[in-house]
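A short write-up of the structure that comes next.
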Amino acid sequence: MCKTSKRYNISNKKSKTNSCITIYTRIVTKSGDIYKICSHILNYKDKKDFESCEVEILKTKIVIFISLIVSLFTLTGCAKTEVQKENYKIVTSFYPMYIIARNITDGANNVQLVNMTEQNTGCIHDYTLTTNDMKKIENADIFIQNGLGLEIFMDKIFTIYPNLKVLDASINIKNVIKEDEVNPHVWTSIENYINQVKEISQVLIQQNSENKQIYEENTEKYIKDLEKVEKQYEEISQELNGQKAICLNEALEYLAKDIKLEYISLHTDHDENSMSAESIKNIINKMNTENIKIILIGKDDSIKNAEILANETNAKIYKLDTVLTGATDKSAYIDAANRNLEVLKSVLGDEK
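So that you can map any letter, position 75 of the sequence shown is 83 in my numbering, and since no number is skipped, the others follow by simple counting.
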């Protein structure tokens, strides 16, 4: 980078009496350096020298024009880059985490929220990453996962993005279903879901302090709305009074625990064929022996095995929302919880 000014001397050394006018043209580059171009215009009486001078001045103008154009494009490019970098990019692993983040970040400045998987993907316990998924994660400032081993693909993500910051929403939630078995579907419990909201909010406030106030306000409002629904669940749990149920979807175990149902869980791993004829026979005997009349399944689950059990035991099937898919509205989780309340109220009506 040149720091000294360049002088273009086009004066006629033989003509000492000729006067000249000196013109200084300054070009300020992006780095702030100033280049001076000095052009001497000779006295008009010397026609030949004057014509030569005109040529040099024309060249100088061309240089100035090109330099200004280059500087303009350079500065414009820089401005665009800076605007892009201002956005704080949040990527969520799947639907429940996206709904939480949507509620917390609503109205935040310069925040880009992206859900890695499609909203109708469902449970991601055996999900295979796509090229499009990896593109979504690119340039992410933070990646929000449910945790507890649900996102089995994280090793592949770290292979491509080793410096990716990951927020584990379940880090402060204990696996209380079974001591020897991890059930990652913690969000179906409103109590656990509220804890996830708090964890995500706390980390986002630390990492993106620019939006601290809006994050805090949104979190407070969302938790208040969730607690209203949670109170209704507590009332339902008192009326259910420890009734027994068969749970055919492990994602519903935390919900069943919340409402104090004494449940027997049959893990089908989302595959109806995984239940053998022998296991179905055993559970039918148990249901008849213990007079179990409640069968819980996910709203999108196959009803095949549930119908076999119901037909052999005179039990009733109740479909509950596991909040694995749905609309992207901020109210999506609460709407699903309210629908589940109506289903549980029907359980009470049938049992009376």
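All C-beta atoms in this analysis are idealised placements derived from N, C-alpha and C, irrespective of residue type, glycine included. For clarity, every value in this text was computed on a predicted model and none was experimentally measured.
Would you kindly work out how many angstroms separate the C-alpha atoms of residue i and residue j, rounded to a whole number?
i: ILE112; j: ALA177; result: 13 Å
i: ILE181; j: VAL351; result: 27 Å
i: ASN117; j: ASN216; result: 10 Å
i: THR227; j: TRP195; result: 16 Å
i: CYS255; j: LYS220; result: 41 Å
i: GLU320; j: ILE198; result: 33 Å
i: GLU94; j: ASN171; result: 19 Å
i: LEU212; j: LYS327; result: 35 Å
i: ASN128; j: GLN214; result: 31 Å
i: ILE300; j: THR138; result: 43 Å
i: MET124; j: PHE102; result: 6 Å
i: ALA264; j: SER273; result: 10 Å
i: ASN290; j: LYS353; result: 29 Å
i: LEU156; j: ALA285; result: 31 Å
i: ILE288; j: PRO192; result: 25 Å
i: VAL331; j: THR136; result: 20 Å
i: ALA345; j: THR297; result: 32 Å
i: ILE303; j: GLY334; result: 23 Å
i: GLU159; j: ASP134; result: 8 Å
i: GLN246; j: ASN200; result: 19 Å
i: LEU356; j: TYR223; result: 39 Å
i: ARG110; j: GLN204; result: 13 Å
i: GLU189; j: MET283; result: 19 Å
i: THR167; j: ILE305; result: 37 Å
i: THR324; j: LYS229; result: Note on residue identity: the sequence assigns Lys, not Thr, to residue 324. Distance between the alpha carbons of LYS324 and LYS229 is about 37 Å.
i: GLN210; j: MET295; result: 45 Å
i: ARG347; j: ASP329; result: 8 Å
i: THR336; j: ILE108; result: 11 Å
i: TYR106; j: ASN257; result: 22 Å
i: LYS262; j: LEU175; result: The sequence given here places Tyr at residue 262; Lys does not occur at that position. So the alpha carbons of these two residues sit roughly 22 Å apart.
i: GLU218; j: PRO104; result: 25 Å
i: GLN153; j: ASP358; result: 39 Å
i: ILE292; j: GLU225; result: 50 Å
In chain order, what residues of the same chain have a beta carbon less than 6 Å from the beta carbon of residue i, not counting five sequence neighbours either side?
i: LYS173; result: ILE150
i: VAL119; result: TYR96, THR113
i: ASP141; result: MET124
i: CYS131; result: LEU332
i: ALA259; result: HIS193, THR196, THR330
i: GLY115; result: ILE222
i: GLU370; result: In the structure displayed, the chain extends from 9 to 360; residue 370 sits before or after that span and is not available.
i: ASN17; result: At ASN17, the pLDDT of 35 sits below 50, so the modelled position is not reliable; the number obtained from the coordinates is stated separately. Excluding sequence neighbours, ASN17 sits near nothing in its chain.
For the alpha helix (DSSP H) holding residue i, just list the boundary residues, first then last.
i: GLN120; result: Note, GLN120: premise wrong, no alpha helix (DSSP H); beta strand (DSSP E) at 119–123.
i: GLU146; result: First-last for GLU146: undefined, no H or E at that position.
i: LYS206; result: 198–215
i: LYS265; result: 261–266
i: ASN290; result: 285–298
i: LEU317; result: 312–321
i: THR167; result: 162–168
Identify the residues that DSSP records as bridge partners of residue i: which are they?
i: PHE151; result: VAL99, VAL174
i: GLY306; result: LEU328
i: ILE254; result: ILE272, ILE303
Closer than 8 Å by C-beta to residue i: which residues in its own chain qualify, once you throw out the five before and the five after it? Chain order, please.
i: LEU349; result: VAL237, GLN240, TYR241, ILE244
i: ILE202; result: ILE231, LEU234, GLU235, GLU238
i: GLU146; result: TYR169
i: VAL122; result: LYS97, ILE98, VAL99, THR100, LYS144, ALA148
i: ASN322; result: LYS301
Could you give the first and the last residue of the continuous beta strand (DSSP E) run that contains residue i?
i: TYR241; result: Counting along the chain, TYR241 falls outside any beta strand (DSSP E), though it belongs to the alpha helix (DSSP H) covering 220–248.
i: LYS271; result: Here the sequence assigns Tyr to residue 271, which means Lys is not the residue at that position. From DSSP, the beta strand (DSSP E) with TYR271 extends over 270–273.
For residue i, which residues in the same chain have their Cβ closer than 7 Å to its Cβ, ignoring the five residues on either side in sequence?
i: GLU207; result: ALA177, ILE179, ASN180
Pair every Cβ in the stretch 243–259 with every Cβ in the stretch 267–276, then say whether three or more of these pairs are closer than 8 Å. yes
Touch check for the stretch 340–348 and the stretch 308–321: three-plus C-beta pairs under 8 Å? no
The stretch 299–314 in contact with the stretch 161–172 per 3-pair CB rule at 8 Å: The answer is no - the stretch 161–172 does not touch the stretch 299–314, with fewer than three Cβ pairs under 8 Å.
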